[in-house]
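Numbering (the working numbering), first residue to last: 99 to 391.
Notes follow the structure.
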Amino acid sequence: MLAVPAAFVVVVLTATSASADCQEIYNPETGQFELDCSDGGGDPSGGGGDPGGGSSTCNYNGREIPCTGPGGSVWSSLHECWIGPSVEELGENLVPPDGQTKEDGAWHVCYFPPPGSSWEYTWVQTGEVGIDPVVLANRAIASMDLDPIKIGIVPESGPNRAGLVGLPVWMWVDSPTDDTFGPITASASEGSVSVSATASVSSIVWDMGDGTKVTCTGKGTPYADHYGKQDSPTCGHRYAKMSTDQPDGAYQVTATSHWVVEWTGGGQSGTIEFDLTTDPLPIRIGEAQVLTQ
């Protein structure tokens with residue numbers, strides 16, 4: 099590797115041990131990473147070129163790090179650093195290492211995760227793809243454009259709709275599609291590395307708004323009038339009290355789908371899991387009134 103004058107660049111990395119508003123910033127004068135908790139820090143959940151590093155994680159020395167580094171650089175398991183732009187892209191002109199020509203490869207910025215060195219130039223062979231396959235797996239997932247489910251529920255939501263205390267509530271996935279329930283498959287490639295990923299919902303956690311959470315596997319069973327007062331055979335609930343003391347007089351129901359993505363490619367395989375949650379849906383629950391003469 100070829101060392102470069104330290105004043106050339108400032109490297110910003112998310113601080114893993116600090117609060118979400120702090121960053122570790124490389125100081126080229128001291129050669130050390132310093133903690134900066136001023137405003138304007140990178141978003142730890144940001145993606146693309148954001149210094150926060152995106153939601154995908156790669157592995158380095160047994161710990162997780164963002165797959166995206168400073169300036170949109172991409173983590174390379176081969177070089178154990180984030181590979182950034184080439185010297186040519188930065189307007190520099192460096193001599194290739196002994197036995198190599200500019201047709202054989204190029205010098206690239208190589209950002210190292212803290213603690214330790216800041217960055218150096220590293221020689222990347224032509225046609226060599228140092229991208230971590232998990233980065234491609236996350237690109238494949240992004241291309242799926244996945245969405246939360248559409249809630250199917252009885253009693254229905256609406257200003258003139260209400261269920262009764264003690265009667266069965268049925269929950270299901272309304273009009274499921276590939277991008278709301280799966281399975282759905284997509285792929286992403288860079289150079290000679292290609293990754294295929296298949297995503298499916300493994301379970302749905304229904305927050306009923308009354309302090310109860312119901313975990314259901316499968317899509318649930320849509321309600322039909324002929325079921326009458328039967329319990330749902332697959333996914334149901336019963337409210338024990340009216341919703342009159344709730345905000346707007348309704349229980350706020352949400353459904354969180356748990357996605358499991360199996361991916362393979364680049365000589366590796368893995369699993370990525372995440373959740374997608376619906377907007378709250380108001381469900382009103384009352385009591386049956388008994389009239390006596």
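We put the CB at the ideal spot given by N, CA and C, even for glycine.
Just so we're clear, the structure is a prediction, and the values are computed from it rather than from any experiment.
In three-state terms, what does DSSP make of residue i?
{"i": "Leu234", "result": "helix"}
{"i": "Gly326", "result": "coil"}
{"i": "Gly347", "result": "helix"}
{"i": "Met269", "result": "strand"}
{"i": "Pro331", "result": "coil"}
{"i": "Gly163", "result": "Sequence inspection shows Ile at residue 163; the Gly mentioned does not correspond to that position. The answer is strand: DSSP assigns Ile163 an E or B state."}
{"i": "Ala118", "result": "A caution first: Ala118 carries a pLDDT of 29, below 50, which makes its placement in the model unreliable, though a value can still be read off. Coil at Ala118, not helix or strand."}
{"i": "Pro246", "result": "coil"}
{"i": "Gly364", "result": "coil"}
{"i": "Ser355", "result": "strand"}
{"i": "Pro168", "result": "helix"}
{"i": "Ser216", "result": "coil"}
{"i": "Ser184", "result": "strand"}
Between which two residues does the beta strand (DSSP E) harbouring residue i extend?
{"i": "Ala284", "result": "Ile282 to Glu288"}
{"i": "Ala297", "result": "Val291 to Asp305"}
{"i": "Gln198", "result": "No beta strand (DSSP E) holds Gln198; DSSP gives it neither H nor E."}
{"i": "Pro380", "result": "Leu379 to Ile381"}
{"i": "Thr313", "result": "Lys311 to Cys314"}
Using only CA atoms, which one of the options lies nearest to residue i?
{"i": "Pro400", "options": "Glu178, Leu192, Ser290 and Phe372", "result": "Residue 400 is absent from the structure shown; the chain starts at 99 and stops at 391."}
{"i": "Asp346", "options": "Asp323, Ala338 and Arg382", "result": "Arg382"}
{"i": "Asp373", "options": "Ser367, Ser300 and Asp272", "result": "Ser300"}
{"i": "Gly203", "options": "Glu186, Gly318 and Ala348", "result": "Glu186"}
{"i": "Ile247", "options": "Asp377, Gly384 and Gly264", "result": "Asp377"}
{"i": "His335", "options": "Pro253, Tyr209 and Ser287", "result": "Pro253"}
{"i": "Val232", "options": "Trp173, Leu262 and His324", "result": "Trp173"}
{"i": "Thr342", "options": "Ser298, Pro380, Glu218 and Gly170", "result": "Pro380"}
{"i": "Glu190", "options": "Glu162, Tyr219 and Trp180", "result": "Tyr219"}
{"i": "Phe279", "options": "Cys208, Leu188, Leu192 and Gly318", "result": "Gly318"}
{"i": "Ser330", "options": "Trp270, Val359, Tyr337 and Ala295", "result": "Trp270"}
{"i": "Ser294", "options": "Glu201, Ala238, Ile229 and Ile163", "result": "Ala238"}
{"i": "Gly392", "options": "Trp357, Ala284 and Thr352", "result": "Since the first residue of the chain shown is 99 and the last is 391, residue 392 is not available in this structure."}
{"i": "Thr283", "options": "Ala240, Ile302 and Pro168", "result": "Ala240"}
{"i": "Trp357", "options": "Ala297, Pro195 and Ser171", "result": "Ala297"}
Would you tell me roughly how many angstroms separate the C-alpha atoms of residue i and residue j, rounded to the nearest one?
{"i": "Pro183", "j": "His206", "result": "6 Å"}
{"i": "Asn236", "j": "Met306", "result": "31 Å"}
{"i": "Asn157", "j": "Pro266", "result": "47 Å"}
{"i": "Lys339", "j": "Ala260", "result": "13 Å"}
{"i": "Met242", "j": "Pro281", "result": "11 Å"}
{"i": "Gly272", "j": "Gly250", "result": "Just to set this straight, residue 272 is Asp in the shown sequence, not Gly. Cα-Cα distance, rounded: 5 Å."}
{"i": "Gly384", "j": "Val263", "result": "6 Å"}
{"i": "Thr375", "j": "Thr354", "result": "4 Å"}
{"i": "Gly160", "j": "Cys333", "result": "40 Å"}
{"i": "Ser292", "j": "Tyr349", "result": "46 Å"}
{"i": "Glu371", "j": "Trp268", "result": "27 Å"}
{"i": "Thr313", "j": "Trp217", "result": "47 Å"}
{"i": "Thr274", "j": "Leu244", "result": "The sequence as given places Pro at residue 274; Thr does not occur at that position. Taking the straight line joining both Cα atoms gives about 12 Å."}
{"i": "Thr166", "j": "Trp180", "result": "7 Å"}
{"i": "Leu176", "j": "Asp277", "result": "34 Å"}
{"i": "Ile163", "j": "Ala322", "result": "49 Å"}
Name the DSSP beta bridge partners of residue i, please?
{"i": "His480", "result": "Residue 480 falls outside the range modelled here, since the chain spans only 99 to 391, and no answer is possible."}
{"i": "Pro257", "result": "DSSP lists no partner for Pro257."}
{"i": "Glu371", "result": "Val358"}
{"i": "Tyr209", "result": "Trp180 and Trp217"}
{"i": "Gly318", "result": "Trp270"}
{"i": "Asn157", "result": "Glu162"}
{"i": "Gln193", "result": "Residue identity differs from the one stated: residue 193 is Val in this sequence, not Gln. Bridge partners of Val193: none, in fact."}
{"i": "Gly384", "result": "Leu262"}
{"i": "Ile251", "result": "Met269"}
Is any heavy atom of the ligand MG found at a distance shorter than 7 Å from the C-beta of residue i?
{"i": "Leu374", "result": "The model depicted lacks the ligand MG and carries no ligand whatsoever."}
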